[in-house]
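Visitor:
In my numbering, the protein residues as written are 4 to 144.
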């Protein structure tokens, strides 16, 4: 069976971190994910999806992400049942994250590519407009 969820969106509020009784970090946040279409009034619509992340990633999310940050989440959908204060049974859906990617550079900092020296792997051989130097007899066709 497969239960996989991949999301990209912006945090609707600052993440909330707490620790379990056994000292494990858990952070909750909500992502606003744009729908690929607009509503009847021509406005973009979004889904608001609750996410939970555990352990070291929970600490990193709480430290580095804030309201408005763009993040990618890869995880699984989990449905929990509970009894509300009025005695009714309710269900709650959330994504339990296996990984959270920070999709924007740190605020006030440089992005990964800024200031970093370019390596041969980073340069584009086709951007110079020149010719490529290779032996045509090595081609498989």
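From the three backbone atoms N, C-alpha and C, an ideal C-beta is built for every residue, glycine too.
All values derive from a computational prediction rather than experimental measurement.
1. For residue 97, which residues from the same chain have a beta carbon less than 6 Å from its beta carbon, with the 5 sequence-adjacent residues on both sides left out?
2. Suppose you measure from the CA of residue 106 to the CA of residue 13; what does that come to, to the nearest Å?
3. Are the segment 62-82 and the segment 6-22 touching by the rule of at least three beta carbon pairs closer than 8 Å?
4. Measuring straight from C-alpha to C-alpha, what distance separates residue 101 and residue 86?
5. Once you ignore the five residues that flank residue 22 on each side, which residues in its own chain have a CB closer than 7 Å to its CB?
6. Are the beta-carbon atoms of residue 92 and residue 84 separated by less than 8 Å?
7. Please report how far the alpha carbon of residue 37 lies from the alpha carbon of residue 44, in whole angstroms.
8. Looking only at its chain, what residues have a beta carbon closer than 8 Å to the beta carbon of residue 41, apart from the 5 residues adjacent to it on each side?
Guide: Based on what the coordinates show:
1. Residue numbering aside, residue 97 sits at position 94 when the chain shown is read from its first letter. Here residue 97 has 53, 55, 81 as same chain residues with Cβ atoms under 6 Å from its own Cβ, once five neighbours each way along the sequence are excluded.
2. Here the question's residue 106 lines up with position 103 in the chain shown. Here the question's residue 13 lines up with position 10 in the chain shown. Here the C-alpha atom of residue 106 lies approximately 10 Å from the C-alpha atom of residue 13.
3. yes
4. For the purposes of this step, residue 101 is identified with residue 98 of the chain shown, where counting begins at 1. For the purposes of this step, residue 86 is identified with residue 83 of the chain shown, where counting begins at 1. One C-alpha to the other measures close to 27 Å.
5. For this step, residue 22 is matched to residue 19 along the chain shown. Contacts found: 28.
6. The sequence position of residue 92 within the chain shown is 89, counting from 1. The sequence position of residue 84 within the chain shown is 81, counting from 1. Yes, the pair counts as a contact, with Cβ atoms nearer than the cut-off.
7. Numbered from its first residue, the chain shown carries residue 37 at position 34. Numbered from its first residue, the chain shown carries residue 44 at position 41. Roughly 15 Å between the two C-alpha positions.
8. By 1-based counting over the chain shown, the position of residue 41 is 38. Within the same chain, residue 41 has close Cβ partners 47, 48.
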